[in-house]
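Here the working numbering is used: the sequence shown runs in plain steps of one and ends on residue 215.
Heads up, the beta-carbon is just placed ideally off N, CA and C, and yes, glycines get one too.
Quantities reported herein were computed from a predicted structural model and do not represent experimental measurements.
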Amino acid sequence: MTSVLTGGRENARRVPPQQRRPDGGDPSAELTRLAALADLARRSTPPIMHRAILAGGDPASVAAAARLSAAQAHIRWHEWAGTSVPLDEYLRVHTAFADAIGAHHDVIQEI
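Written out as structure tokens, the structure reads:
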């Protein structure tokens, strides 16, 4: 074992140089891209949730797919839908969210 440690430079392996990250490694630029992506997700999630629920999706499952609670999804959807959809669609989706939130609330109170 000693010969491995003291065998000289001819036996030593060269340490590879540290490689730069493919994104260029600029943390500020990376944060800017992540913030833009988060903003895009916030803006695009409500209409997708709206379509999913109108198509028969379970609001709790739709919210979970967006990594939100049903209450958080309802608030985000409501902020968008108040000026973006016809009243009949608004009421259908709002009722579905309200039922999902109420069912969740009832389960918690039983525990």
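Would a C-beta distance cut-off of 8 Å place alanine 185 and alanine 177 closer than the cut-off? no
Given threonine 149, which residues of its chain have a CB within under 6 Å of its CB, disregarding the five upstream and five downstream residues? Ala170
Option nearest arginine 155 by Cα separation, candidates Ala133, Asp203, Pro190, Gln123: Pro190
With 16 other CB atoms within 10 Å as the buried threshold, where does alanine 200 fall? buried
Spatial neighbours of aspartate 162 within its chain, please: CB distance less than 8 Å, with the 5 preceding and 5 following residues excluded, ordered by chain position. Ala204
DSSP state of glutamine 176 mapped onto helix, strand, coil: helix
Host alpha helix (DSSP H) of arginine 146 (start-end): 131 to 158
Return the first residue and the last residue of the alpha helix (DSSP H) that glutamate 190 is part of. Residue identity check: residue 190 is proline in the sequence provided, not glutamate. No alpha helix (DSSP H) holds proline 190; DSSP gives it neither H nor E.
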